[in-house]
Every structure is written in structure tokens, then in C-alpha cells.
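Engineer: Before we start, here is the structure in question, set down as C-alpha cells.
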Amino acid sequence: MPFTRISMHQGKSPNYVKAVSDSLHQALVDAFEVPADDRFQVIHQLAPGELVFDPHYMGGPRSTDFILFQVNAGRLRSAEVKKAFYRRLVDLLGQRPGVRAEDVMVTIQTNQAEDWSFSSGRALIDEIG
Amino acid sequence: MPFTRISMHQGKSPNYVKAVSDSLHQALVDAFEVPADDRFQVIHQLAPGELVFDPHYMGGPRSTDFILFQVNAGRLRSAEVKKAFYRRLVDLLGQRPGVRAEDVMVTIQTNQAEDWSFSSGRALIDEIG
Amino acid sequence: MPFTRISMHQGKSPNYVKAVSDSLHQALVDAFEVPADDRFQVIHQLAPGELVFDPHYMGGPRSTDFILFQVNAGRLRSAEVKKAFYRRLVDLLGQRPGVRAEDVMVTIQTNQAEDWSFSSGRALIDEIG
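Residue numbers (the working numbering), protein chains in the order written: chain G, 1 to 129; chain Z, 1001 to 1129; chain P, 2001 to 2129.
Quick look at the structure:
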């Protein structure tokens, strides 16, 4: 944990997609208290008409480069940590692959350690004691 | 917020998909206390075998036109509001694009305002004060 | 409920995908207190680069056969029930279609009965009284 589902339009290069993945992960490590090797993501690349967003609601203007990050976290973080993560994410995405800050949207869902099994049918709560 | 992930089979026309998107959004505005320009959706169109549903559990009979709406809301609504939204959604989808009521399933996940950043690394809680 | 979103790589046979779906459902019925006909799943088959996972974090080694199960449950289960479900899932997937236990990851999100409408605009809480 966390696990993040990333939604963006089709048509970007593999390098661009990889840079989105890398920048998200680095922002989680830098600002969301995530270990460096705790990296789990799905990148959903959508056709025109499948990714629907208002260009101006609470920010923007958003372009077709819009990316939505849905982060599933395994424990609560403070509002301050969340805010630092939002800022760090847009900073890093602006550097690589060069996503405009206006095109970055994030939502976080939180569950508990007992809701995770990383591997082999073992509960995380039995791993971490 | 909200953000909705819509799961349905491939093979519908762009107009049909657009009408599903429009009817969902209108139901959220009409019955779920959502602003008119607060519109964020992903529409996932699945191949045969990728969308699995029981035809009769707690309703139906469901057909291959089955649509699942997974709504992520940023604050709690009352059970009455949720119920009115469910009703409004099937009403509107029945009109456009003509989805049978039996084929409409909804589930809602709720988080908090501090879990959203709409744009530019700004936390929603700093926008709305 | 529950509804499960399954994320795995493209390239498996329809029989393999069906066996993943069947084994998940059987594990939910056997160990997660789910009725036999309460079956709702989306299977998302991803291209290389779209399913990102660390091969060793908290388990593994994970291979390209890695599968992530995101279960949305409509009521709380105990930690013991969750743990039994994790174990049963890897047991059944190991039998059919033959997924290595190291390649199975699970995360659970929980909401409430009032957050579900299975069909026809009716709230589940009005169905079950």
C-alpha cells in the first residue's frame, strides 16, 4: 500500500507513461510516507469520450493531458501530509514528463492494514506484527 | 467530487456512451447535491468475459447492457439522498439512451474533502476554506 | 456486494481468465460470507507498462502473472474472516488456473448497505429491510 489507479488519455509514448508512473511514486516516497519499494499502480489509458472532465471546475483550465490519480492508502495520513503530497506530485510531474499543474487531479481512499494481503495469502497485519 | 467509474460492455455507439455519461451527471446534479460543472468520469468499456455479473441477484433480470456505476463522493449524503439518486439515475437512463432499469447497478464510496486536489497541487480544503 | 475489480496482464486465454473469476468468486463464497449468486466483477487486462508492481515488497517474488484484486465490500468483516479469505483465494487460484501464491495481492474497501443499489433504482436497504 498504497495502490494507485491512474486514468489518462491514450496516445502518449511509453516514456511519457513511465515518467508519470515514476513521478507519482517519487511523490509518494518524498511526501506521503511510503517506502521506496512499495510501488503498485494500474495505468488506464482511455480513448476519446471515455475520460470525462470539466475543464474549469475548482481549477484548470484542464486539457486533454488531464490525469486523475486515485490513491488507495492503507492508513490515515494527516491533512498536512496530504497537502504536501499534492504539491510534490505536481512539482515532479511538471519536471517529468512535463504535465501542466492544471491537468493533475488526485483523490485518496483510505482503508486499514487488515485490508491488505500483498502476497501468498498472508495478511499484512501478520507480517508487520 | 464526485468522481465516477462506469463499467459497461464494448460495442455501443459514441452517442450511447455520451448519453450514459450525461444521464449520470444529470442525476448527480438533480438528486445528489452536485454542482453542474463538477463532472469527472471514467467510462470503462469491457470485452466479453471482462464484465461479470449475476443476472438475477437482488434484482434484474440483467442483460449484456448491464452498467455498473462506482461513485466516489467527497462527503457523506443521507440515505434519503442516496435513494433519490438511485431512482433519478434509472429514470434518466431509461429516457436517454434507453437503458432498462434492471441493468443499472450503483455503489458509492465516500471519503473527505481533504482527500481531494482538483488541480495544480492545491488541496480542496484550502479552496473552500 | 461485494464488487471486485481484477487487474492483470493481457495475453491469457479466456479459460484462464474465467478460472481467475471462478476462483475469486468461490473464495468469497467459501470464506467471506458471500451468497453464491452475489457475483459482480470487472476484469481489467493491461498491456506491458500499465500494471506496475514491485517484485519483492512484502512478499513475492512477483512475476508478470501478478494479479491485484480490489474488493469492494458492503459491510465490515472481522480480521479473521479477511485472513481466511486471503488464504482461500490463493489456495483456489493455485488449483485453477494455477496462479503462484506469490502473484496474488488483495485490498479491500468497505462501505455500507445504503451505498448499494443492485437494480431498478431500488436501494438495497429497502430490499433487505
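Yeah, the Cβ is synthetic: ideal placement off N, Cα and C, and Gly gets one too.
Within the same chain, show all residues whose beta-carbon is closer than 7 angstroms to that of S1040/Z, passing over the 5 residues directly before and after it, in chain order.
Structural biologist: Position 40 of the second sequence, counted from the first residue, corresponds to residue 1040/Z. For clarity, residue 1040/Z is Phe in the given sequence; the question names Ser instead. Only F1003 meet the Cβ criterion.
Engineer: Check V2052/P in the structure and name its three-state DSSP category.
Structural biologist: Numbered from 1 along the third sequence, position 52 holds the residue referred to as residue 2052/P. Three-state DSSP puts V2052/P in a strand.
Engineer: If you run the structure through DSSP and keep just helix, strand and coil, what is V1071/Z?
Structural biologist: In the second sequence, the residue the question calls residue 1071/Z occupies position 71. Strand at V1071/Z.
Engineer: Under three-state DSSP, which class holds S1063/Z?
Structural biologist: Counted from its first residue, the second sequence places residue 1063/Z at position 63. Looking at S1063/Z - three-state DSSP - the assignment turns out to be coil, as it is neither helix nor strand.
Engineer: Tell me which residues share the same chain as H2044/P and place their Cβ nearer than 7 angstroms to its Cβ, disregarding the 5 neighbours each side in the sequence.
Structural biologist: Within the third sequence, the letter at position 44 stands for residue 2044/P. The residues are R2005, I2006 and S2007.
Engineer: For F2118/P, does the three-state DSSP call read helix, strand or coil?
Structural biologist: Against the third sequence, residue 2118/P aligns to sequence position 118. Of the three classes helix, strand and coil, the one that applies to F2118/P here is coil, per DSSP.
Engineer: According to the neighbour-count rule (16 or more other Cβ atoms, all chains shown, within 10 Å of its Cβ), is L2028/P buried or exposed?
Structural biologist: Position 28 of the third sequence holds residue 2028/P. It is buried - the Cβ of L2028/P has at least 16 other Cβ atoms within 10 Å.
Engineer: Assuming the contact rule is C-beta atoms closer than 8 angstroms, D160/G and R88/G should be a hit. Round their C-beta distance to whole Å, please.
Structural biologist: Because residue 160/G is not part of the residues shown, which for chain G are 1 to 129, the question remains open.
Engineer: Once the 5 residues before and after S117/G are set aside, which same chain residues still bring their CB inside 7 angstroms of it?
Structural biologist: As a first step, residue 117/G must be located in the first sequence, where it is residue number 117. Excluding residues within five positions, the ones whose Cβ falls inside 7 angstroms are A123 and L124.
Engineer: Cutting at 6 angstroms between CB atoms, please list the residues of its own chain near A1031/Z, excluding the five before and the five after it.
Structural biologist: On the second sequence, residue 1031/Z is found 31 positions in, with the first residue counted as 1. Taken in chain order, the residues that qualify are A1084, F1085 and R1088.
Engineer: 7 angstroms is my cut-off, CB to CB: does F133/G come that close to chain Z?
Structural biologist: No information on residue 133/G is available, as it lies outside the stretch 1 to 129 that chain G covers here.
Engineer: Whose Cβ in chain Z lies nearer than 7 angstroms to the Cβ of I2125/P?
Structural biologist: Taking the third sequence and counting its residues from 1, the one referred to as residue 2125/P is at position 125. Near I2125/P (Cβ distances below 7 angstroms), the residues of chain Z are A1079.
Engineer: Report yes or no: is there a C-beta of chain G within less than 7 angstroms of the C-beta of M2001/P?
Structural biologist: Walking along the third sequence from the start, residue 2001/P turns up at place 1. M2001/P does not count as touching chain G.
Engineer: When you check each C-beta in the stretch 1031-1053 of chain Z against every C-beta of chain G, which residues fall closer than 8 angstroms?
Structural biologist: The stretch 1031-1053 of chain Z vs chain G, Cβ under 8 angstroms: P1035, D1037, D1038, R1039, F1040, Q1041, V1042, I1043, H1044 and Q1045.
Engineer: Listed from N- to C-terminal order along the chain, which residues in the stretch 1057-1082 of chain Z have their beta-carbon within a distance smaller than 8 angstroms of any beta-carbon of chain P?
Structural biologist: Here the close residues are Y1057, M1058, G1059, G1060, R1062, L1068, Q1070, A1079 and K1082.
Engineer: CA-CA distance, A2047/P and I2067/P?
Structural biologist: Within the third sequence, numbered from 1, the residue matching residue 2047/P stands at position 47. Within the third sequence, numbered from 1, the residue matching residue 2067/P stands at position 67. Straight-line Cα distance between these residues: approximately 13 angstroms.
Engineer: For V2042/P, I'd like the list of residues in its chain whose CB is within less than 6 angstroms of its CB, leaving aside the five on either flank, ordered along the chain.
Structural biologist: By 1-based counting over the third sequence, the position of residue 2042/P is 42. R2005.
Engineer: If I2108/P and A2073/P are in contact, beta carbons under 8 angstroms, what's the gap, nearest whole angstrom?
Structural biologist: One-based indexing of the third sequence puts residue 2108/P at position 108. One-based indexing of the third sequence puts residue 2073/P at position 73. Indeed, because the Cβ distance is near 6 angstroms, the residues count as touching under 8 angstroms.
Engineer: Check whether the Cβ of V29/G lies closer than 7 angstroms to any Cβ atom in chain Z.
Structural biologist: Stepping through the first sequence from its first residue, residue 29/G is reached at position 29. So, not an interface residue.
Engineer: What first and last residue would you give for the beta strand (DSSP E) that runs through R2005/P?
Structural biologist: Mapped onto the third sequence, residue 2005/P falls at position 5. That run of the beta strand (DSSP E) goes F2003 to H2009.
Engineer: How should V17/G be labelled, buried or exposed, when 16 other C-beta atoms within 10 angstroms of its C-beta is the threshold for buried?
Structural biologist: For the purposes of this step, residue 17/G is identified with residue 17 of the first sequence, where counting begins at 1. Buried, because 16 or more other Cβ atoms sit within 10 Å of the Cβ of V17/G.
Engineer: In the DSSP assignment, find the unbroken alpha helix (DSSP H) run with Q41/G in it and report its ends.
Structural biologist: Looking up residue 41/G in the first sequence gives position 41. Per DSSP, Q41/G belongs to no alpha helix (DSSP H); it is in the beta strand (DSSP E), F40 to L46.
Engineer: Taking only beta-carbon atoms, is R1087/Z less than 7 angstroms away from chain C?
Structural biologist: Considering every chain present, this structure includes no chain C. Its protein chains are G, Z and P.
Engineer: Please list, in chain order, all residues of the same chain as P1082/Z whose beta carbon is under 7 angstroms from its beta carbon, the five residues on each side excluded.
Structural biologist: Here residue 1082/Z refers to the residue found at position 82 of the second sequence. Here residue 1082/Z is Lys; the residue named in the question, Pro, does not match the sequence. The answer, listed in chain order, is I1108.
Engineer: Run the CB neighbour count on H2025/P, radius 10 Å, all protein chains shown included, and call it buried at 16 or more, exposed below.
Structural biologist: Position 25 of the third sequence, counted from the start, is the residue given in the question as residue 2025/P. Classification for H2025/P: buried.
Engineer: Taking a Cβ distance cut-off of 9 angstroms, strictly less, list which residues of the stretch 1100-1121 of chain Z are near chain P, in chain order.
Structural biologist: Result list: R1100, A1101, E1102, D1103, V1104, M1105, V1106, T1107, I1108, Q1109 and T1110.
Engineer: Along chain G, in chain order, which residues have C-beta atoms closer than 9 angstroms to that of K1012/Z?
Structural biologist: Taking the second sequence and counting its residues from 1, the one referred to as residue 1012/Z is at position 12. Residues of chain G passing the Cβ test: none, with the nearest at roughly 11 angstroms.
Engineer: Spatial neighbours of E2114/P within its chain, please: CB distance less than 8 angstroms, with the 5 preceding and 5 following residues excluded, ordered by chain position.
Structural biologist: The sequence position of residue 2114/P within the third sequence is 114, counting from 1. Cβ neighbours of E2114/P beyond the five flanking positions: A2123, L2124 and I2125.
Engineer: I'd like the span of the beta strand (DSSP E) that includes Q1109/Z, first residue to last.
Structural biologist: If you number the second sequence from 1, residue 1109/Z lands on position 109. Per DSSP, Q1109/Z belongs to the beta strand (DSSP E) from V1104 to T1110.
Engineer: Could you tell me which chain Z residues have their CB closer than 7 angstroms to the CB of V90/G, listed as they occur along the chain?
Structural biologist: By one-based count along the first sequence, residue 90/G stands at place 90. The contacting residues are S1120 and G1121.
Engineer: Measuring only between beta-carbons, confirm whether V2020/P sits less than 7 angstroms from chain Z.
Structural biologist: What you label residue 2020/P is simply residue 20 of the third sequence in a count that begins at 1. V2020/P does not count as touching chain Z.
Engineer: Between the C-alpha atoms of N2111/P and E102/G, what's the straight-line distance to the nearest angstrom?
Structural biologist: As a first step, residue 2111/P is located in the third sequence; it is residue number 111 there, counting from the start. As a first step, residue 102/G is located in the first sequence; it is residue number 102 there, counting from the start. Straight-line Cα distance between these residues: approximately 31 angstroms.
Engineer: Considering Cα atoms alone, identify which of D65/G, G59/G and V71/G is closest to D1037/Z.
Structural biologist: Along the second sequence, read from residue 1 onward, the residue named residue 1037/Z stands at position 37. Checked all of D65/G, G59/G and V71/G; the closest Cα to D1037/Z is G59/G.
Engineer: Suppose you measure from the CA of E1050/Z to the CA of P1035/Z; what does that come to, to the nearest Å?
Structural biologist: Reading the second sequence from its first residue, position 50 is the one you call residue 1050/Z. Reading the second sequence from its first residue, position 35 is the one you call residue 1035/Z. One C-alpha to the other measures close to 33 angstroms.
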